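Just so you know, we're using the working numbering here: the sequence shown kicks off at 33 and counts up by one.
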Amino acid sequence: MSAAKQIPIAEGLFTWPSNDPRLLGSRCGACGIVTFPAQKSCPACSGQNVETIELERRGTLWTWTIQGFLPNKPPYIGPETAESFRPFGVGYVELPNQVRVESRLKCKDPSKLRIGMEMELVVEKYVEDDAGREVMAYFFQPVAER
33 MSAAKQIPIA EGLFTWPSND PRLLGSRCGA CGIVTFPAQK SCPACSGQNV
83 ETIELERRGT LWTWTIQGFL PNKPPYIGPE TAESFRPFGV GYVELPNQVR
133 VESRLKCKDP SKLRIGMEME LVVEKYVEDD AGREVMAYFF QPVAER
């Protein structure tokens with residue numbers, strides 16, 4: 033499908049379209065705190081001098097759990113139904129010298145996730161919207177599975 037028929041799940045979360053997608057965060061010019069998603073002011077010092085930055089693509093799994101039941105719809109918009117649902121990993125990936133990002137974790141076997149394992153950002157189709165466009169979302173997956 034062409035990039036024109038793909039849309040991000042939310043504007044300003046990641047660079048799209050891109051062959052090298054990056055999450056977009058913000059860095060405070062006053063205290064240096066990095067946040068995700070990008071914000072217009074600093075949550076740590078209330079500074080207004082923030083810049084949007086591209087975050088690192090790789091980090092380490094800081095903590096995780098397995099989502100063992102289908103989340104409530106709405107607000108959840110995932111493609112699963114009660115019949116097709118399979119448990120999946122959800123966790124925080126620590127991006128070096130930046131921030132911890134909460135993310136759905138893509139892996140073949142969630143029971144093999146381990147704290148400290150190297151993870152990498154991927155942007156993939158999540159669902160299709162009512163207009164037939166692919167809604168793209170970000171995930172982290174173990175580098176070993178790339």
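By construction, the Cβ of each residue, glycine as well, lies at the ideal position given by its N, Cα and C atoms.
Bear in mind that the values here come from a model prediction, so they are computed numbers and not experimental data.
C-beta atoms of residue i and residue j nearer than 9 Å
i	j	result
T92	E134	no
T47	E86	yes
E152	A169	no
P69	L102	no
E177	K37	no
W96	G121	yes
K138	V125	no
Cutoff 7 Å; reference residue i; Cβ partners in own chain excluding five residues on either side
i	result
T67	G57, S58, P75 and V131
G100	P119
K72	V82
I109	V159
K105	none
Whole-angstrom C-beta distance between residue j and residue i, which should lie under 8 Å
i	j	result
G61	E88	The Cβ separation is near 20 Å, so there is no contact.
R54	V175	R54 to V175, Cβ: 16 Å. No contact.
Residues near residue i in its chain [Cβ-Cβ closer than 6 Å; skip 5 each side]
i	result
P111	V159
G148	T92
P40	W48 and M168
Ordered list of alpha helix (DSSP H) runs contained in the region 89 to 176, each at least 4 residues: Complete alpha helix (DSSP H) runs here, min 4: none at all.
Within 8 Å, do at least three Cβ pairs link the region 139 to 150 to the region 70 to 89? The answer is no - the region 139 to 150 does not touch the region 70 to 89, with fewer than three Cβ pairs under 8 Å.
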